[in-house]
Structures are given as structure tokens and as C-alpha cells.
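Visitor: 11 is the number of the first residue of the sequence shown in the numbering used here; add one for each residue after it.
Every residue gets a Cβ at the ideal spot worked out from N, C-alpha and C, and that includes glycine.
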Amino acid sequence: MTAPILRQLADLRARHAEWIRAGETVAVVPTMGALHAGHLSLVEAAQAACDRVIVTIFVNPRQFNNPEDLANYPRTEHEDAEKLADYRVDVIYVPDPDQIYPEGYATNVSVSGLTEVMEGEFRPGHFDGVATVCAKLFLQTGAHKAYFGQKDYQQLMLVRRMARDLDIPIEVIGCPTVREASGLAMSSRNLRLSEEALTRAATLHRQMQAMVAGLKAGEDIVALEQTARAALDAAGFGEVEYLDLRDAVTLERLARPTRPARLLAAAWMDGIRLIDNIDVPAV
Ligand code: PAF
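(1) Thinking C-alpha only, which one of E78, T151, V290 and H26 is nearest G228?
(2) DSSP three-state label for C367, please.
(3) Can you list, in chain order, every residue whose CB sits closer than 6 Å to a heavy atom of the ligand PAF?
(4) On the DSSP bridge list, what partners appear for F132?
(5) What separation, rounded to the nearest whole angstrom, lies between the Cα atoms of M128 and Y252?
(6) Rounding to the nearest angstrom, what Cα-Cα distance links D108 and L22 in this structure?
(7) Which one of Y115, C144 and A233 has the shortest CA to CA distance from M42?
(8) State the beta-bridge partners of L255 as determined by DSSP.
(9) Starting from the Cα of T12, find the closest Cα among P40, A37, L264 and H88 and give me that residue.
(10) Under the assumption that R256 contacts R263 (Cβ atoms under 8 Å), give the Cβ distance between them as a whole number of angstroms.
(11) Which stretch, first to last residue, makes up the alpha helix (DSSP H) that contains R216?
(12) Using DSSP with H/G/I as helix, E/B as strand and the rest coil, what is F148?
(13) Checking the sheet assignment: what are the DSSP bridge partners for T209?
(14) Can you tell me whether N287 is helix, strand or coil according to DSSP?
(15) Which residue wins for smallest C-alpha separation from V1, given the options F148, G184, G33 and Y111?
(16) Bridge partners of K155, per DSSP?
(17) Among L50, A59 and N70, which residue has its Cα nearest to the Cα of D96?
(18) CA-CA distance, L147 and G123?
(19) Quick test of your reading: V99 and R17, contact by CB under 8 Å. State the CB separation rounded to the nearest angstrom.
Rendered as C-alpha cells:
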């Protein structure tokens, strides 16, 4: 059954109050729509853990550093609602823009440290937009648990830190990245790539896996990165913005995975920016 779409905060709050009165637990899955199997896996995790599930759909203008990217971001509300009909979703919250940023809105949430590298370096302002909208969505939904994909690993770390620092009583849960059979991480932006480009884009994940295998075998990170960059170039990737080995928690740069680490990448394919990351066990 299709869940009701609510666009006003007052309506969401009224539902939430009923649930809390009944002693129920509430989960939120924040999204920008264009839902794919990755989002739906978050909904599954949310419904397994909580009595009530809210999926939010809001294309947040404040997190787009590139106006063209914002204009081209897929908006598929009708299809999204149809996809969610197969799940136990109680409310789809698609706030009218003024419910998030009313006239005169002046507050910015900014998390320092974690946000200065990788996405923070290449997308100035992006993480302030993410932290601000997530703080608002956490407070508006009053959820006990929030579900995020590990595909946006840096985002997950920053949102967790923001909730902790601001004492927002919510548990931020990271769920595994869902991939195509080719290994390509699912992303709403993949919709903008041709079939042929999607096949070439899967090289990113394969090269990252090869780097992790090399690191496990004690090979040098600089040489591994050079090989991977050459393979990405040959597959038709444009700029590779970063291909970094970092501490899994602090995101501090590492030369060797002497403690639990993550390999993270951002690279352009046919005008579309793709990101991915994988686990690197300590060796
Ligand atoms: O990952 C996303 O889709 C967005 O960054 C999020 C968390 C919904 C905030 O707008």
C-alpha cells in the first residue's frame, strides 16, 4: 500500500505524537529521491528495527556546490512512492521547501575536521548543507534511528558526529553499499550514464579491489595508486579527484593500513561524478 505523502511539518508532528503516545519506535531514512536498491535496503533495515518508518525525500539545494548538478538531479517522486509501496513505510515526508528553509532562515550547521578533506575539499559547502539538513530532518522527524548508506562514507561519519555533538537523541546506522552485478556502487547519479558508460564505470570498483589486494600483500600505496589511475584513464574516466587510504574512523590519511582503514575515491565519468569506498582490514 502506498504510504501517505506529507508535505507539512505540522502533519508529520501529529503522526509522530500518536506513535510516541503508543510507545512505538521511529526510524527515518533520509533521501533525495530517485530511489534505487541501495535506498530500499535502508528501508528494509529500518523496518526490521523500528515500529514506524519515515522516508524523507528532499533535494536539498544547500548541499549542491554546482547549480547544474542541482538542476539535473533526478526528481521522480511518483516512481519513488510506487517503489516504497512494497515496504512497510508509514509516511513519506516530502517537505515543501519552506518547511526546511522558511523565509529568513539563517542557521548553518558545520562540522569541522572530518569535512575538510576529500568531498569537503572538492565540493566546498557541500557538507555544511548535509549537516544542516540532516540536523533539521532528525529534529523534525524525532526519529530514534536514522539509516544511511556506507557508499557516502564521509557523510556517514560527519552526520554521526553532528548528532553526537548536538546531543540529538538519535542512533545513526550505516548500512552496506549495494552494488550492481558489475561491482559499480548504486547511485541516483548512475541514471545519467549510458549503458556503455556504466560498464566502463565499474572499473573504479575493480581497481579499488585490486589496490586493497595489493595493500594486503604489503605492496606500496604509491605504485598501486599509479596503476589504478592508469587503468581508470584507459577506461575513459576523466579527473580522479582522490583515491585515498584513510583511517576508518578519523579519516586521517594513511600510507599503510596499520589500523582499520577505508579506501575512498571520487572520479568523473562522462560528466558525472562517482564516489565509492571499500573496507581495508588492518594488516
Ligand atoms: O545522501 C543523501 O541522499 C543526502 O546527502 C541526504 C543524507 C539525504 C541529505 O540531503
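Guide: Taking the geometry as given:
(1) If we check each option's Cα against that of G228, V290 comes out closest.
(2) Residue 367 is absent from the structure shown; the chain starts at 11 and stops at 293.
(3) P40, T41, M42, N70, Q73, V140, V143, C144, D162 and Q165
(4) Answer is none; F132 lacks a bridge partner.
(5) 7 Å
(6) 15 Å
(7) C144
(8) In the DSSP output, where bridge partners are listed per residue, L255 has L273.
(9) H88
(10) R256 to R263, Cβ: 6 Å. Contact.
(11) For R216, the enclosing alpha helix (DSSP H) starts and ends at T213 to K226.
(12) helix
(13) Paired residues: none, contrary to the question.
(14) In the structure shown, N287 sits in a strand (DSSP, three-state: E or B).
(15) The shown model of the chain, from 11 to 293, leaves out residue 1, and the question about it has no answer.
(16) A37 and E181
(17) L50
(18) 23 Å
(19) Taking C-beta atoms under 8 Å as the contact rule, V99 and R17 fail to qualify, at a distance of about 16 Å.
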